[in-house]
Amino acid sequence: MKQVWKLFSLLAGLVLLINACVPSAAPAADSAGETTAGAGTPITVWIDTTRQAAVDAYKKANPDKAALIQEVLVERGEFPAKVLLFNNTNSGWPDVVFAEPSLVGQVSDTAHNFPLDLKDLVAQEVIEGFGNSLAPCWFEGKLFCLRNDVAQNVLYYNAKLMEEFGYTVPTTWEEYQELSDQVAQDHPGYIMGAFGDQWNWATYFWGSGCPMNEVLGETQVRINPNDSRCERAAMLVDHMIGNGTMAKLDPFDPAFVQIAADNKLLMIIDASWFGEYVFGGKEDSTYYKTAEGQLGIAAPLKWRDDPAPMTATHGGAAWTVSRHTANPDLAVEFALFVTTADDYQSTGPTFPGYLPVADKWAKTIQGNALYANDPYPVFKDAVQYISPLDKQPRYDWGATTVKFLKEANQNGTTQLAALQLIAEELQKVAEAQGYEVVTE
Amino acid sequence: MAVQTSEIEAPPRTQTHLGVSAKGWRRFIPYLFLLPYLLAMFFFSIGPGLYALLISFADFSQGVPRYFAAGISNYITAYGDFRFVEVFRNVGLFLLISVPVGIGLVLLLSLLLHIRRGRTAAVLRTIYFIPGAVTGPALVLLAIFMFDPTTSPFRGLLSALGYQSINDVIVPSTLPWLFTIVGFFAGSGVWIAIFYGAYESLSVEVMEAATIDGCNAWQQAWHIKIPLIRPYIMYMLILVLAGNVQLFAEPQLLGVAGGNVPNPWAPNQLGYYFAFRLGNFGAAAAVSLIMLLIGVVAAYAVVQWTSIFKPESS
Chain A
1 MKQVWKLFSL
11 LAGLVLLINA
21 CVPSAAPAAD
31 SAGETTAGAG
41 TPITVWIDTT
51 RQAAVDAYKK
61 ANPDKAALIQ
71 EVLVERGEFP
81 AKVLLFNNTN
91 SGWPDVVFAE
101 PSLVGQVSDT
111 AHNFPLDLKD
121 LVAQEVIEGF
131 GNSLAPCWFE
141 GKLFCLRNDV
151 AQNVLYYNAK
161 LMEEFGYTVP
171 TTWEEYQELS
181 DQVAQDHPGY
191 IMGAFGDQWN
201 WATYFWGSGC
211 PMNEVLGETQ
221 VRINPNDSRC
231 ERAAMLVDHM
241 IGNGTMAKLD
251 PFDPAFVQIA
261 ADNKLLMIID
271 ASWFGEYVFG
281 GKEDSTYYKT
291 AEGQLGIAAP
301 LKWRDDPAPM
311 TATHGGAAWT
321 VSRHTANPDL
331 AVEFALFVTT
341 ADDYQSTGPT
351 FPGYLPVADK
361 WAKTIQGNAL
371 YANDPYPVFK
381 DAVQYISPLD
391 KQPRYDWGAT
401 TVKFLKEANQ
411 NGTTQLAALQ
421 LIAEELQKVA
431 EAQGYEVVTE
Chain B
441 MAVQTSEIEA
451 PPRTQTHLGV
461 SAKGWRRFIP
471 YLFLLPYLLA
481 MFFFSIGPGL
491 YALLISFADF
501 SQGVPRYFAA
511 GISNYITAYG
521 DFRFVEVFRN
531 VGLFLLISVP
541 VGIGLVLLLS
551 LLLHIRRGRT
561 AAVLRTIYFI
571 PGAVTGPALV
581 LLAIFMFDPT
591 TSPFRGLLSA
601 LGYQSINDVI
611 VPSTLPWLFT
621 IVGFFAGSGV
631 WIAIFYGAYE
641 SLSVEVMEAA
651 TIDGCNAWQQ
661 AWHIKIPLIR
671 PYIMYMLILV
681 LAGNVQLFAE
691 PQLLGVAGGN
701 VPNPWAPNQL
711 GYYFAFRLGN
721 FGAAAAVSLI
731 MLLIGVVAAY
741 AVVQWTSIFK
751 PESS
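As they're listed, the protein sequences go chains A and B.
Residue numbers are given in the working numbering: position 414 of the first sequence equals residue 414, and the series is strictly consecutive.
Residue numbers are given in the working numbering: position 100 of the second sequence equals residue 540, and the series is strictly consecutive.
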């Protein structure tokens with residue numbers, strides 16, 4: 001026993017030694033944000049591989065500052081977690097980060113306390129140029145990000161099949177549902193939508209304005225599954241799953257890709273990048289291997305009783321600046337360049353968040369023989385219809401939603417019933433994250 | 441603690457030129473050999489454990505730790521969370537399945553190998569070992585291909601069971617079984633090798649006597665080999681139990697290609713969620729400490745009940 005105690009006292013000594021080395025609780029990094037080490041300080045920029053082109057464009061346009069930009073490829077899902085670790089060590093934060101506004105939301109709470117308020121650092125007319133796309137970047141009057149691109153959903157349809165079957169493209173959700181009955185009767189096996197993941201869920205429920213996870217304030221959220229706008233969306237989905245025109249798969253499921261490859265995909269509602277990156281029209285594209293003018297693009301659908309269409313998003317990222325940056329001038333200048341300068345955005349891979357560049361960007365898609373009609377006016381028009389639900393809460397609404405969505409798909413129960421289960425759990429998830437939940 | 445060190449009994453000394461008795465050196469040498477292990481154990485298990493204990497009382501609401509500012513509020517947050525019971529129920533079910541199945545199959549395979557010794561057994565032992573060489577996350581990704589009826593080499597079996605797509609296979613009700621399968625392939629090779637080694641070390645005389653007495657292979661296994669290697673089985677029980685409570689990579693990754701894996705599913709994921717989603721490292725530490733407690737209690741209980749670590753009387 002004595003041996004054990006000896007060992008234990010040795011270890012205890014080591015612990016005390018280590019604890020002595022642990023930095024004492026430093027004041028929450030406010031001080032670091034204020035430090036201005038000057039114009040010569042390099043900045044670290046976190047990007048993904050696709051955004052390397054943005055950094056390269058900046059360096060090309062500003063050769064004198066090229067050496068000051070140090071880009072790092074990161075998996076941005078880990079961004080909030082890494083901020084917490086940097087907070088613990090009180091150093092190491094990146095200066096500029098490419099991330100979705102929902103991630104920016106996660107790093108904006110008191111525990112993360114990461115983004116710099118850009119409101120007074122960016123000219124008013126530039127802010128206005130972003131239009132509706134900037135909505136999810138605003139947090140209680142503070143501008144925490146600049147939008148890189150928007151991923152507004154539009155209606156994609158196979159123009160050749162539609163013509164062959166003699167159908168007209170729907171403009172309302174009601175017509176969409178009626179057409180699904182027609183298709184189910186005349187051409188069973190043809191698919192008009194996907195319902196397998198959280199973004200498919202958003203397509204129909206945000207598109208209907210369903211107040212689930214509706215952000216009312218930084219600590220208040222509305223979750224009301226009994227709202228008629230939720231019920232009509234759920235019933236639409238259940239109806240189309242019932243008649244077999246809605247696949248219980250996500251759009252990247254190999255089985256769904258097969259449907260598109262077999263030319264059984266009549267239409268699908270998804271993001272503006274789907275045209276180039278999923279339908280494609282090139283040999284290595286996911287859906288269509290050839291470009292023969294088969295892909296039609298139509299405006300987001302509208303509920304008959306609603307004044308205007310409303311559309312969901314599927315992605316669309318932004319650039320956020322750290323409040324800890326030692327060179328805020330350069331960091332903000334860089335963020336402005338990659339979001340608003342023609343150099344990058346007019347040739348970028350996705351629909352620009354900054355609308356004045358968008359018209360120049362249009363040519364990047366207009367040359368593709370895949371499209372049956374010019375997609376650009378439809379995309380541009382759709383930006384104004386992006387649902388306010390695009391501003392997402394900090395908690396992970398997707399994990400809970402998808403759990404019950406898939407359970408209903410698997411068990412053959414309705415999405416209408418699943419809605420109650422989703423809401424019940426989301427309420428607890430939201431409260432655990434410090435939100436007050438409004439259910440009316 | 442200082443009191444304890446001062447109590448070391450002083451042996452009669454024969455002075456050497458260094459001023460330390462030769463006997464003192466001799467007592468010291470075993471610790472020197474143990475030192476690498478003790479250091480590793482301290483820095484990678486006891487140290488982090490104590491650190492977890494420290495930060496479980498720290499407040500993280502402002503982003504930086506404020507030590508001892510949280511009192512027991514992290515424990516209340518963690519143990520009162522609505523997912524707490526669910527994740528432990530999930531992992532409990534997984535333990536109920538994976539521990540007996542794992543130990544049973546390892547015993548069976550190692551016994552079969554030992555009955556048919558020779559080149560075949562050596563080759564098979566190596567084969568059993570191979571999946572263990574693949575690290576956890578990579579093995580999970582491999583498992584996804586195995587579970588997907590469209591890509592699996594067992595697609596015939598899967599479709600015969602009525603599974604059309606990965607969404608049919610990876611559902612909450614099958615998860616404990618799927619994790620058991622992944623865990624078995626990851627860990628069994630090592631244990632098969634250990635058990636095999638244990639059979640090899642058994643007294644040849646005893647085996648011969650048994651054979652002369654007319655014992656068949658099955659009786660020999662059941663009545664002689666298994667009782668004699670019981671300490672090894674208990675050892676496996678402790679380690680598998682403690683290891684499986686800490687399940688993380690499997691539930692975290694199994695759902696990446698489809699299927700329905702609720703997150704958090706396991707206690708470790710709940711801890712991860714507290715730490716990296718909510719920024720509450722204190723509550724995460726509280727969750728991890730309960731897993732440590734389960735491992736320690738299980739080990740203590742098994743050691744007490746079975747007296748496996750008692751020194752053998754010669």
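Just so you know, even glycine gets a beta-carbon here, dropped at the ideal spot from N, CA and C.
In this text, all values refer to a predicted model and were calculated from it rather than measured experimentally.
Checklist entry - Does the Cβ of residue 700/B have 16 or more other Cβ atoms within 10 Å, making it buried, or fewer, making it exposed? => result Within the second sequence, the letter at position 260 stands for residue 700/B. Classification for residue 700/B: buried.
Checklist entry - Under the three-state reduction of DSSP, which class applies to residue 296/A: helix, strand or coil? => result For the purposes of this step, residue 296/A is taken as the residue at position 296 of the first sequence. In this structure, residue 296/A counts as strand in the three-state DSSP scheme.
Checklist entry - To which residues of the same chain is residue 361/A closer than 6 Å at the C-beta, ignoring the five residues directly before and after it? => result Here residue 361/A refers to the residue found at position 361 when the first sequence is read from its first residue. Only 346, 352 meet the Cβ criterion.
Next on the checklist: Whether or not the stretch 526-539 of chain B and the stretch 627-635 of chain B are in contact is what I'm after, with contact meaning three or more pairs of Cβ atoms, one per stretch, closer than 8 Å; do they touch?
Outcome noted: no
Checklist entry - Could you give the residue range of the beta strand (DSSP E) that holds residue 71/A? => result By 1-based counting over the first sequence, the position of residue 71/A is 71. Bounds of the beta strand (DSSP E) holding residue 71/A are 69-73.
Checklist entry - Expressed to the nearest angstrom, what Euclidean distance is found between the alpha-carbon atoms of residue 598/B and residue 607/B? => result Your numbering for residue 598/B matches position 158 in the second sequence. Your numbering for residue 607/B matches position 167 in the second sequence. Each residue's Cα considered, the two are about 12 Å apart.
Checklist entry - Buried or exposed: residue 481/B, going by 16 or more other Cβ atoms within 10 Å of its Cβ? => result Position 41 of the second sequence, counting from 1, holds the residue named residue 481/B. Residue 481/B is exposed by the Cβ-count criterion.
Checklist entry - Quick one: which chain A residues come within Cβ less than 8 Å of residue 590/B? => result Here residue 590/B refers to the residue found at position 150 of the second sequence. Chain-ordered, the chain A residues with CB closer than 8 Å to the CB of residue 590/B read 254, 255.
Checklist entry - In chain order, what residues of the same chain lie with their CB nearer than 6 Å to the CB of residue 287/A, ignoring the 5 residues before and after it? => result By one-based count along the first sequence, residue 287/A stands at place 287. Excluding positions up to five away in sequence, the list reads 260, 278, 279.
Item to check | Near-chain B residues of the stretch 123-147 of chain A - C-beta to any C-beta below 9 Å | outcome: Cβ contacts with chain B: none found.
Item to check | Own chain, CB closer than 7 Å to residue 44/A, minus 5 neighbours either side, in chain order | outcome: The residue labelled residue 44/A in the question sits at position 44 within the first sequence. For residue 44/A, where only same-chain residues beyond five positions count, the Cβ hits under 7 Å are 70, 72, 94, 95.
Checklist entry - How about residue 262/A: is its C-beta nearer than 8 Å to some C-beta of chain B? => result The residue you call residue 262/A lines up with position 262 of the first sequence. For residue 262/A, the answer is no, since every Cβ of chain B falls outside 8 Å of its Cβ.
Checklist entry - If we ignore side chains and look at the alpha-carbon of each, how far apart do residue 686/B and residue 42/A end up? => result Along the second sequence, read from residue 1 onward, the residue named residue 686/B stands at position 246. Along the first sequence, read from residue 1 onward, the residue named residue 42/A stands at position 42. Taking the straight line from one Cα to the other gives about 42 Å.
Checklist entry - DSSP beta-bridge partners for residue 265/A? => result Along the first sequence, read from residue 1 onward, the residue named residue 265/A stands at position 265. Answer by DSSP bridge pairing, in chain order: 191/A.
Next on the checklist: The alpha helix (DSSP H) that contains residue 512/B, what's its start and end?
Outcome noted: One-based indexing of the second sequence puts residue 512/B at position 72. Run containing residue 512/B: none; DSSP gives neither H nor E here.
Item to check | Partners in chain B for residue 84/A, counting only beta-carbon separations shorter than 9 Å | outcome: The residue labelled residue 84/A in the question sits at position 84 within the first sequence. Going along chain B in sequence order, the residues near residue 84/A (Cβ under 9 Å) are 500, 503, 715, 716, 719, 721.
Checklist entry - Does DSSP put residue 604/B in a helix, in a strand, or in coil? => result Numbered from its first residue, the second sequence carries residue 604/B at position 164. The answer is coil: DSSP assigns residue 604/B none of H, G, I, E or B.
Next on the checklist: In the DSSP output, which residue or residues are listed as bridge partners for residue 506/B?
Outcome noted: Stepping through the second sequence from its first residue, residue 506/B is reached at position 66. Answer is 499/B, bridged to residue 506/B.
Checklist entry - Taking the alpha-carbon positions, what's the residue 230/A to residue 387/A distance? => result Position 230 of the first sequence, counting from 1, holds the residue named residue 230/A. Position 387 of the first sequence, counting from 1, holds the residue named residue 387/A. Annotation: residue 230/A to residue 387/A spans about 14 Å, alpha carbon to alpha carbon.
Item to check | Cβ-Cβ separation, residue 130/A to residue 344/A (assumed contact under 8 Å), whole Å | outcome: Position 344 of the first sequence holds residue 344/A. Position 130 of the first sequence holds residue 130/A. Going by Cβ atoms, the distance from residue 344/A to residue 130/A rounds to 15 Å, so no, they are not a contact pair.
Item to check | Length of the line joining the Cα atoms of residue 241/A and residue 158/A | outcome: Numbered from 1 along the first sequence, position 241 holds the residue referred to as residue 241/A. Numbered from 1 along the first sequence, position 158 holds the residue referred to as residue 158/A. About 20 Å.
Next on the checklist: Would you call the stretch 170-177 of chain A in contact with the stretch 294-302 of chain A, where contact means no fewer than 3 C-beta pairs closer than 8 Å?
Outcome noted: yes
Checklist entry - Given a limit of 7 Å on CB to CB distance, which residues of the stretch 527-546 of chain B reach chain A? => result none
Checklist entry - If you pair each beta-carbon of the stretch 390-397 of chain A with each one of the stretch 425-440 of chain A, do three or more pairs fall below 8 Å? => result yes
Checklist entry - What are the residues of the stretch 82-112 of chain A that lie near chain B, defined by any Cβ-Cβ distance shorter than 7 Å? => result 84, 87, 88, 90, 110, 111, 112
Item to check | C-alpha distance - residue 160/A paired with residue 372/A, whole-angstrom precision | outcome: Your numbering for residue 160/A matches position 160 in the first sequence. Your numbering for residue 372/A matches position 372 in the first sequence. Looking at the two C-alpha atoms, the distance is approximately 9 Å.
Checklist entry - What separation, rounded to the nearest whole angstrom, lies between the Cα atoms of residue 679/B and residue 715/B? => result Here residue 679/B refers to the residue found at position 239 of the second sequence. Here residue 715/B refers to the residue found at position 275 of the second sequence. Computed Cα separation, rounded: 26 Å.
Checklist entry - Going by beta carbon distance, what residues of the same chain come within less than 6 Å of residue 442/A, once the five residues before and after it are set aside? => result Lying outside 1 to 440, the shown extent of chain A, residue 442/A is not represented and no answer is given.
Checklist entry - Which runs of the alpha helix (DSSP H), 4 residues or longer, sit entirely within the stretch 582-646 of chain B? => result With a minimum length of 4 residues, the continuous alpha helix (DSSP H) runs that stay inside the stretch 582-646 of chain B are 595-600, 606-609, 615-640.
Item to check | Neighbour flag for residue 39/A against chain B, beta carbons, 8 Å | outcome: Taking the first sequence and counting its residues from 1, the one referred to as residue 39/A is at position 39. Not closer than 8 Å to any Cβ of chain B, the Cβ of residue 39/A fails to qualify, so no.
Item to check | Buried or exposed by the 16-neighbour rule on C-beta atoms within 10 Å, applied to residue 436/A | outcome: Reading the first sequence from its first residue, position 436 is the one you call residue 436/A. By the 10 Å Cβ count, residue 436/A comes out exposed.
Checklist entry - Mind pulling the chain A residues with CB within less than 9 Å of residue 605/B? => result Numbered from 1 along the second sequence, position 165 holds the residue referred to as residue 605/B. Within chain A, the residues near residue 605/B are 249, 253, 254, 255.
Next on the checklist: With a threshold of 8 Å on Cβ separation, who are the neighbours of residue 19/A within its own chain once the five nearest residues in sequence on each side are excluded?
Outcome noted: One-based indexing of the first sequence puts residue 19/A at position 19. Because residue 19/A carries a pLDDT of 46, less than 50, the predicted location of this residue cannot be relied on, and no value is offered for it.
Checklist entry - Taking Cβ-Cβ distances shorter than 7 Å, what residues in chain B pair up with residue 408/A? => result Within the first sequence, residue 408/A is the residue found at index 408, counting from 1. Near residue 408/A there are no residues of chain B at all, since even the closest Cβ is about 10 Å away, more than 7 Å.
Checklist entry - So what does DSSP say about residue 574/B, is it helix, strand or coil? => result The sequence position of residue 574/B within the second sequence is 134, counting from 1. It is coil, neither helix nor strand.
Checklist entry - Hey, does residue 284/A have any beta-carbon neighbour from chain B nearer than 8 Å? => result Here residue 284/A is taken as the residue at index 284 of the first sequence, counted from 1. Closer than 8 Å: no.
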